[in-house]
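Below you'll find the structure, written out as structure tokens, and then a few comments.
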Amino acid sequence: MHRVILYGFQGNARLAKENPPLIAKGHIGLSADNGQTIYGFAPTKPNELSDKEFIFLLKRKRQVFDGQLIDDTKLFHQVAAGKFNKGSRELELYRLKQTVDDTTFAKVLQQIEKRGKGSKYMLPHENISYLPNTYNCATFWGQTGVILPEKSGILRDYIPAMINQGAELAIVPT
Numbered sequence: 054m055h056r057v058i059l060y061g062f063q064g065n066a067r068l069a070k071e072n073p074p075l076i077a078k079g080h081i082g083l084s085a086d087n088g089q090t091i092y093g094f095a096p097t098k099p100n101e102l103s104d105k106e107f108i109f110l111l112k113r114k115r116q117v118f119d120g121q122l123i124d125d126t127k128l129f130h131q132v133a134a135g136k137f138n139k140g141s142r143e144l145e146l147y148r149l150k151q152t153v154d155d156t157t158f159a160k161v162l163q164q165i166e167k168r169g170k171g172s173k174y175m176l177p178h179e180n181i182s183y184l185p186n187t188y189n190c191a192t193f194w195g196q197t198g199v200i201l202p203e204k205s206g207i208l209r210d211y212i213p214a215m216i217n218q219g220a221e222l223a224i225v226p227t
């Protein structure tokens, strides 16, 4: 048996102006090495699109893009350290430990090795179902057998589900 850790925070749109987009929306990642490295699943921006066009197609049109796993350890550590907090607008990073069998752990490691290549990314929407092999950061690890706290990928539901299943506040590793 092995342990993986899901990390997640619900974003705060009021913090969006001077911060990375994930601070406004929230993010989920997974660690297979006890928090040393935390991988998040994200879309790959095509070179021919401007940042503005890319965000529009992703958020407003729910367009599907190639996905990729990124080492988001620094971002998660910054959230845990309170780097993006402003007054009462605080982000809280949660972690949910999970024991997985050898097969699931091998699939997790395989996805990390191939950086999620071959998987597609789409932002979730309550009225739009995911296409096959299409995920967001909160649903990506489900394909490996990791049990997801909540299946829609909508973080306003996902984070409370993590907490209900025993997630604890994460602190910055020392």
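Sequential numbering of the sequence shown, starting at 54, is according to our numbering.
Don't be surprised by glycine CBs; every beta carbon is placed ideally from N, CA and C.
Predicted model, so just to flag it, every value in this text is computed and none were measured.
Unbroken beta strand (DSSP E) run spanning residue i, endpoints
i    : result
R115 : That residue, R115, is in no beta strand (DSSP E); it is neither H nor E in DSSP.
H80  : 79-84
Residue i - containing alpha helix (DSSP H), residue span
i    : result
L162 : 155-167
Straight-line Cα distance separating residue j from residue i
i    : j    : result
L102 : K78  : 21 Å
T192 : F118 : 15 Å
K204 : A214 : 10 Å
V228 : A159 : This structure cannot settle anything about residue 228, because the visible part of the chain is limited to 54 through 227.
A220 : D86  : 17 Å
L276 : L176 : Nothing about residue 276 can be reported from this structure: the residues present for the chain run from 54 to 227 only.
S141 : G120 : 34 Å
A223 : F129 : 9 Å
N65  : T157 : 32 Å
Strand pairing of residue i, partner residues [DSSP]
i    : result
W121 : The amino acid occupying residue 121 in the given sequence is Gln; Trp does not appear at that position. In DSSP, Q121 forms a bridge with A95.
K173 : D119, T187
I216 : According to DSSP, I216 bridges with nothing at all.
V57  : Q151
K251 : Coverage of the chain is limited to positions 54 through 227, which leaves residue 251 absent and any answer about it impossible.
E179 : For E179, which the question treats as bridged, DSSP gives no partner whatsoever.
E221 : R148
DSSP-derived helix/strand/coil call for residue i
i    : result
K62  : Here residue 62 turns out to be Phe, not Lys, going by the sequence shown. Reduced to three states, the DSSP call for F62 is strand.
V199 : coil
Q89  : coil
E71  : coil
L128 : helix
L208 : helix
A133 : helix
Proximity test, residue i beta-carbon vs the ligand ATP heavy atom, cut-off 7 Å
i   : result
R67 : The ligand content of the structure shown is nil, which means the ligand ATP is not present either.
With contact counted as at least three CB pairs below 8 Å, one residue from each stretch, are the region 143-161 and the region 123-133 in contact? Contact holds: three or more Cβ-Cβ distances are below 8 Å.
How about the region 88-97 and the region 157-174: do they share at least three Cβ pairs that are nearer than 8 Å? Between the region 88-97 and the region 157-174, the count of Cβ pairs shorter than 8 Å is three or higher; the stretches touch.
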